[in-house]
Amino acid sequence: MWRLKDILLNLVGTKCLNCGHVFYPPKAACPKCSSRNVKKVSLGTSGKVITYTVVNVPIEGFESMSPLIIALVDTGGGKVLTQLTNVKPDEVYVGMEVEATVRRSATTLDGYVPYIIKFKPKERYS
Amino acid sequence: MWRLKDILLNLVGTKCLNCGHVFYPPKAACPKCSSRNVKKVSLGTSGKVITYTVVNVPIEGFESMSPLIIALVDTGGGKVLTQLTNVKPDEVYVGMEVEATVRRSATTLDGYVPYIIKFKPKERYS
Amino acid sequence: MSKVYVVGVGMSNVGRFYERSLRDLAAEALFKAIDDSGNLTPEYVVVSNMLSSQAEQENLASLIADYCGLRGSSGFKVEAACGSGGAAVLVGYSLVASGLAKVVAVVGVEKLSERTTPEVARGLAYAADADFELPYGISFSGLNALVMRYYMMKYNVKREEMSAWPVLMHENGYYNPYAHLRMRITVDDVIKSPVIADPIRLLDSCPISDGAAAVILTSEELARKYNDTPVLIAGIGNALDSTDISSRYELDTFLASKLSAERAFKLAKLSPKDVDVAELHDAYSINGVVTLEDVGFAPKGMGAKLVAEGRFRIGDKPVINPSGGLKSRGHPVGATGVYQVCEVVMQLRGDFPGVKVGGEVGLTQNIGGVGSNITTIILRR
Amino acid sequence: MSKVYVVGVGMSNVGRFYERSLRDLAAEALFKAIDDSGNLTPEYVVVSNMLSSQAEQENLASLIADYCGLRGSSGFKVEAACGSGGAAVLVGYSLVASGLAKVVAVVGVEKLSERTTPEVARGLAYAADADFELPYGISFSGLNALVMRYYMMKYNVKREEMSAWPVLMHENGYYNPYAHLRMRITVDDVIKSPVIADPIRLLDSCPISDGAAAVILTSEELARKYNDTPVLIAGIGNALDSTDISSRYELDTFLASKLSAERAFKLAKLSPKDVDVAELHDAYSINGVVTLEDVGFAPKGMGAKLVAEGRFRIGDKPVINPSGGLKSRGHPVGATGVYQVCEVVMQLRGDFPGVKVGGEVGLTQNIGGVGSNITTIILRR
Ligand SMILES: [Zn+2]
Ligand SMILES: [Zn+2]
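Protein chains in written order, with our numbering: chain A, 1 to 126; chain B, 1001 to 1126; chain C, 2001 to 2381; chain D, 3001 to 3381.
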């Protein structure tokens, strides 16, 4: 997991220099045009909820964080699967504006505690 | 593991009723003639060491039992992969006479402690 | 390309069998299939399975073949998450069509009842992206829930309409003696069932099951010689999409469902309107509805609505999931794609012991991941 | 049967790459192989891997294909324990020979350096019988040690004679820029190295490595059109023995080695004396020695003695493991069988960047388990 720290903490995606397509997670070639001429790009730190779910039946290791709010967030740059935090399940809606924040994930099965980007509701007046 | 309790504790193999071949572990058909006409048989409780090893580099979960003496024992009925116990590594030899005894294995990854048949040197005068 | 036929099928019951081992279930299915074929001896044993690593067992082809008296035969395991079964049938097809083998057994098996629900849920998430999705704790239900919410909003589909799918599945599965969950349910039952991953409810979800299924594949020559009711694999196709859901082009369609179906139809020189009976992969109601559209049985956005209007049941063309689908028959993960082929072959032969459809042309579609690995197979009497 | 050619090969270095991911290694190998083929686009991506479940990742075909810009292609994983790579090449062969695909990529990959040694040792034991062998704590080294002691006693083979194998491997691997362990060793080094599982010592054992290798397979038509140096897959065969060691007929021979080699030679219409160069699967010295005999390069009981007498090195026929074998090149478990094919193809083309053999006919043999799943491949210039 430590191998991925920079990518997970900076929301790094890939941009295709051939066709311009931007995608996350990063890949070695473009899914649209197969070009290997791609570069890493930052996806930005805010976006909108495209769709979301509230997971009541957790997978092993996430029991104590349950229920989890998982969302697909469009940052303008690309879509990111993420957790929402600082918000109650019934306050989330499609189209909600959110911004990135660093939080800890569940301990992995081998005892590592990864820090990852989650998203919280955008603060409008601060 | 509890599913296997009877088989592991009674050293049950299979005998082919078509060609007479006996084999362990038990199978649904005979490896020699493919007949499904097979029945469970007890392999007996004593035998001779055909070959053995002393494992110094343990797999996960067996660290505290290391070094393990593992042997292939011919019970007359069939060959059985097993652990030797009540004996030091440098006392084991090919051809050694051994007899079955019930011991505990290492805790499985999900926390179960299985009891299994191990073999110990045959006591000649008791 | 040489023709390949299914000449034997065998299934264990689907359920939770605490007292049975993986090899025991596999042997039941394989022996039944061999007997059904007129006692052909497989040269290859291709095994499909996803999660035997949770029971610390790999090398399944050797394990199962030797347990079943086939020492010295050939084989290996094929894995494509929940789509392993369909992929393995494709491999078996290619072994026969290439001439490498005359008789191939494909054995799908899964045995998970010894693991806890969170363990199995984590295992199923191995079909997702371990680096970029697993750290968020997303479950397989959760990933499909993202699709379901998106689809329902985009096409203005009501909860009542989505619920028609599981009701139909249980109506069909009620008559299937192999099925895991044999009870009828109502739309009201679905809507009141507990929320697993909003908007997915318990009765939108398939059970995770133990089970094994096997098919015997052979060449035209042997098929005619040993069997009165060979069923032709007229078309077969597989397609991949991203493992992650973030980089998908569309959330309301499975690219790999479309592509694999197009490939299978092209090979078979047939089209969706020719299909009499299909087994689709409804791990969740939303998968059934979306692939109904992607295969070409319903216009985009209309899948759930058409089911709610009464389409796709016995008497219609095509009939969808007379087995009860994953929802009622159950989902023995790596075996599911092989169950589907067994069921459709029996429908075309006329000896399926549940809801009977008949007809000339059948289709199966088996999904791995959230639409990331899909195999479509077209069978013809 | 249609002819199938290898027209592209690609390998990553073999070693322990803490900073690299599984998909990253796979992409390096796949891109190199595609470039080497003259830029053919694979329709199928067949992945071989044994233990990605230890990193909680399955569904590798989708993961790797999409990471490499091949969304919409077809594929799945093939697993046969440490023999996964050879089995995957066999599947790729059948996809091309059947006409299902014109261009197939087979990508072997393994990435274990993030796990501890006991974890990996337990994982490798998933190739054994989880019900009847794992409860005894037997390691993979231990199982092979049972074979080694039996063999040495039966044929009166001395420790010094057994040690000639790893010495030759390191002599060859020293010149292989891809190899994991590039150092020369002596018989004395072997005899004084620590005991892992008596009588197996550290220098009898291969390292467990990270690495990825890929081959591009295609039909005769495309091979001639796009490539100046296509290498024919003249023969291929796989065989299974029991997963457990208890029920074996013989301990000093691998039935599956013999059977798979016979099948491959028969298809190629060749015999062991025609082979110029071979890559055998020496996870331990004893495996190299036993399969040297079972393939037909040495009489039973004479394998170790002949190596100690100086046979099988450069200038002899056949030359065995000019790559350095698993002992020196390393053993990236599910990728090893694909590495072997890359290496022999390069030998026949004349562009292997280490010890060069040349010749017309090459052979690879890849073993899963303790001889329980073996694939033999015969390549011809
Ligand atoms: Zn592009
Ligand atoms: Zn028999």
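Note that the Cβ used here is the ideal one computed from N, Cα and C, for glycine as well. Here the structure is a predicted model, which is why all the values come from computation and not from measurement.
*DSSP beta-bridge partners for GLU2079 of chain C?*
The residue labelled residue 2079 of chain C in the question sits at position 79 within the third sequence. Beta-bridge pairing links GLU2079 of chain C to D:LYS3077.
_What does the Cβ neighbour count give for THR1053 of chain B, buried or exposed, with the cut at 16 atoms within 10 Å?_
Position 53 of the second sequence, counted from the start, is the residue given in the question as residue 1053 of chain B. THR1053 of chain B comes out buried.
*Helix or strand or just coil, what does DSSP make of GLN2057 of chain C?*
Along the third sequence, read from residue 1 onward, the residue named residue 2057 of chain C stands at position 57. If DSSP states are grouped into helix, strand and coil, GLN2057 of chain C belongs with coil.
*Is there at least one Cβ from chain A nearer than 8 Å to GLY3108 of chain D's Cβ?*
The residue you call residue 3108 of chain D lines up with position 108 of the fourth sequence. Taking Cβ atoms only, chain A never reaches closer than 8 Å to GLY3108 of chain D, which makes this a no.
*Mind listing the chain C neighbours of SER1034 of chain B? Cutoff is C-beta to C-beta under 9 Å, in chain order.*
By one-based count along the second sequence, residue 1034 of chain B stands at place 34. THR2041, CYS2068, GLY2069, LEU2070 and ARG2071, listed in chain order.
_Bridge-paired residues (DSSP) for VAL3319 of chain D_ = For the purposes of this step, residue 3319 of chain D is taken as the residue at position 319 of the fourth sequence. DSSP output for VAL3319 of chain D lists D:VAL3277 as bridge partner(s).
*Could you say if the stretch 3071-3087 of chain D and the stretch 3303-3312 of chain D meet the contact criterion of at least three C-beta pairs nearer than 8 Å?*
In short, these stretches do not touch, since the Cβ pair count stays below three.
_Under 7 Å: does the beta carbon of SER35 of chain A sit that close to some heavy atom of ligand 1?_
By 1-based counting over the first sequence, the position of residue 35 of chain A is 35. Correct: SER35 of chain A has its Cβ closer than 7 Å to ligand 1.
*Does ALA2027 of chain C come within less than 8 Å of chain B when only Cβ atoms are used?*
Looking up residue 2027 of chain C in the third sequence gives position 27. By this cut-off, ALA2027 of chain C is an interface position.
_Supposed close pair THR85 of chain A, LYS120 of chain A - CB separation, criterion 8 Å_ = On the first sequence, position 85 is the one that residue 85 of chain A refers to. On the first sequence, position 120 is the one that residue 120 of chain A refers to. Contact holds; Cβ gap of about 5 Å.
_Proximal chain A residues relative to SER2260 of chain C, where beta-carbon distance stays under 8 Å_ = Residue 2260 of chain C sits at position 260 when you count from the first residue of the third sequence. Result: empty, since nearest Cβ-Cβ is about 17 Å, beyond 8 Å.
*Is the CB of ALA28 of chain A under 8 Å away from at least one CB in chain D?*
One-based indexing of the first sequence puts residue 28 of chain A at position 28. With its beta carbon less than 8 Å from one in chain D, ALA28 of chain A belongs to the interface.
*So is the beta-carbon of ASN3172 of chain D under 7 Å away from any non-hydrogen atom of ligand 1?*
Taking the fourth sequence and counting its residues from 1, the one referred to as residue 3172 of chain D is at position 172. No, since every heavy atom of ligand 1 falls outside the 7 Å radius drawn around the Cβ of ASN3172 of chain D.
*Beta carbon of ALA2121 of chain C nearer than 8 Å to that of PHE2140 of chain C*: Residue 2121 of chain C sits at position 121 when you count from the first residue of the third sequence. Residue 2140 of chain C sits at position 140 when you count from the first residue of the third sequence. Yes, the Cβ-Cβ distance between ALA2121 of chain C and PHE2140 of chain C is below 8 Å.
*Kindly indicate which residue of C:GLY2362, C:GLY2092 and C:TYR2284 has the alpha-carbon position closest to the one of LYS2317 of chain C.*
As a first step, residue 2317 of chain C must be located in the third sequence, where it is residue number 317. The residue with the shortest Cα to Cα distance from LYS2317 of chain C is C:GLY2362.
_Quick check on the burial criterion: 16 or more other C-beta atoms within 10 angstroms. Buried or exposed for ASP2198 of chain C?_
For the purposes of this step, residue 2198 of chain C is identified with residue 198 of the third sequence, where counting begins at 1. Classification for ASP2198 of chain C: buried.
*In chain order, what residues of the same chain have a beta carbon less than 7 Å from the beta carbon of ASP3036 of chain D, not counting five sequence neighbours either side?*
Within the fourth sequence, numbered from 1, the residue matching residue 3036 of chain D stands at position 36. Result list for ASP3036 of chain D: GLY3008, VAL3009 and GLY3010, in chain order.
*Helix, strand or coil: how does DSSP classify ASP2210 of chain C here?*
Taking the third sequence and counting its residues from 1, one reaches residue 2210 of chain C at position 210. Strand.
*Run the CB neighbour count on TYR112 of chain A, radius 10 Å, all protein chains shown included, and call it buried at 16 or more, exposed below.*
Indexing the first sequence from 1 puts residue 112 of chain A at position 112. By the 10 Å Cβ count, TYR112 of chain A comes out exposed.
*Anything in the stretch 1043-1066 of chain B with a Cβ closer than 7 Å to a Cβ of chain C? List those residues in chain order, please.*
none
*Note down, one range per segment and in chain order, each alpha helix (DSSP H) of at least 4 residues found wholly within the stretch 2166-2232 of chain C.*
2187-2192 and 2220-2226, all fully within the stretch 2166-2232 of chain C.
*Could you tell me whether any Cβ in chain A is nearer than 8 Å to the Cβ of PHE3076 of chain D?*
In the fourth sequence, the residue the question calls residue 3076 of chain D occupies position 76. False, the Cβ-Cβ gap to chain A never drops below 8 Å.
*Does any C-beta atom of chain D lie closer than 8 Å to the C-beta of PRO31 of chain A?*
For the purposes of this step, residue 31 of chain A is taken as the residue at position 31 of the first sequence. So yes, PRO31 of chain A belongs to the interface.
*May I ask which residues mark the beginning and end of the beta strand (DSSP E) holding GLU99 of chain A?*
The residue you call residue 99 of chain A lines up with position 99 of the first sequence. Looking at the DSSP string, the run of the beta strand (DSSP E) that includes GLU99 of chain A is 97-104.
*asked:* With three or more C-beta pairs closer than 8 Å as the rule, is the stretch 3289-3299 of chain D touching the stretch 3331-3349 of chain D?
replied: no
*Please confirm whether VAL2107 of chain C and ALA2179 of chain C have their CB atoms less than 8 Å apart.*
Numbered from its first residue, the third sequence carries residue 2107 of chain C at position 107. Numbered from its first residue, the third sequence carries residue 2179 of chain C at position 179. Result no, Cβ atoms of VAL2107 of chain C and ALA2179 of chain C do not sit closer than 8 Å.
*Say the cut is 7 Å; is the CB of ASN1040 of chain B nearer than that to a heavy atom of ligand 2?*
Taking the second sequence and counting its residues from 1, the one referred to as residue 1040 of chain B is at position 40. Rather than Asn, the amino acid found at residue 1040 of chain B in this sequence is Lys. False, no ligand heavy atom lies under 7 Å from that Cβ.
_Here's the rule: buried if 16 or more other CB atoms are within 10 angstroms of the residue's CB, otherwise exposed. What is ILE2191 of chain C?_
Residue 2191 of chain C sits at position 191 when you count from the first residue of the third sequence. ILE2191 of chain C should be labelled exposed.
*Within the same chain, show all residues whose beta-carbon is closer than 6 Å to that of LYS1079 of chain B, passing over the 5 residues directly before and after it, in chain order.*
Numbered from its first residue, the second sequence carries residue 1079 of chain B at position 79. Cβ neighbours of LYS1079 of chain B beyond the five flanking positions: LEU1072.
*Answer yes if the stretch 2108-2117 of chain C comes into contact with the stretch 2216-2226 of chain C, meaning at least three C-beta pairs across the two stretches below 8 Å, and no otherwise.*
Touching, no, given that fewer than three Cβ pairs across the two stretches are closer than 8 Å.
*Might you give, ordered along the chain, the residues of its own chain that have their beta carbon closer than 7 Å to the beta carbon of PRO3353 of chain D, omitting 5 neighbours on each side?*
Within the fourth sequence, residue 3353 of chain D is the residue found at index 353, counting from 1. Excluding sequence neighbours, PRO3353 of chain D sits near PRO3177.
*Run the proximity test for LYS32 of chain A: is its beta-carbon closer than 7 Å to any non-hydrogen atom belonging to ligand 1?*
Here residue 32 of chain A refers to the residue found at position 32 of the first sequence. True, at least one ligand heavy atom lies under 7 Å from that Cβ.
*From this set, C:PRO2322, C:ARG2016 and C:GLY2334, which residue's C-alpha is nearest TYR2175 of chain C's C-alpha?*
Against the third sequence, residue 2175 of chain C aligns to sequence position 175. Ranking C:PRO2322, C:ARG2016 and C:GLY2334 by Cα distance to TYR2175 of chain C puts C:PRO2322 first.
*Spatial neighbours of GLY3092 of chain D within its chain, please: CB distance less than 6 Å, with the 5 preceding and 5 following residues excluded, ordered by chain position.*
Residue mapping note: residue 3092 of chain D aligns to position 92 of the fourth sequence, counting from 1. The residues are VAL3046, VAL3104, VAL3106 and LEU3217.
*Whose CA, out of C:ILE2377, C:VAL2319, C:GLY2315 and C:GLY2310, lies closest to the CA of CYS2342 of chain C?*
The count along the third sequence starts at 1 and reaches residue 2342 of chain C at position 342. It is C:ILE2377.
*TYR1024 of chain B versus MET2050 of chain C - alpha carbon distance*: The residue given as residue 1024 of chain B occupies position 24 in the second sequence. The residue given as residue 2050 of chain C occupies position 50 in the third sequence. Their backbone Cα atoms lie some 27 Å apart in a straight line.
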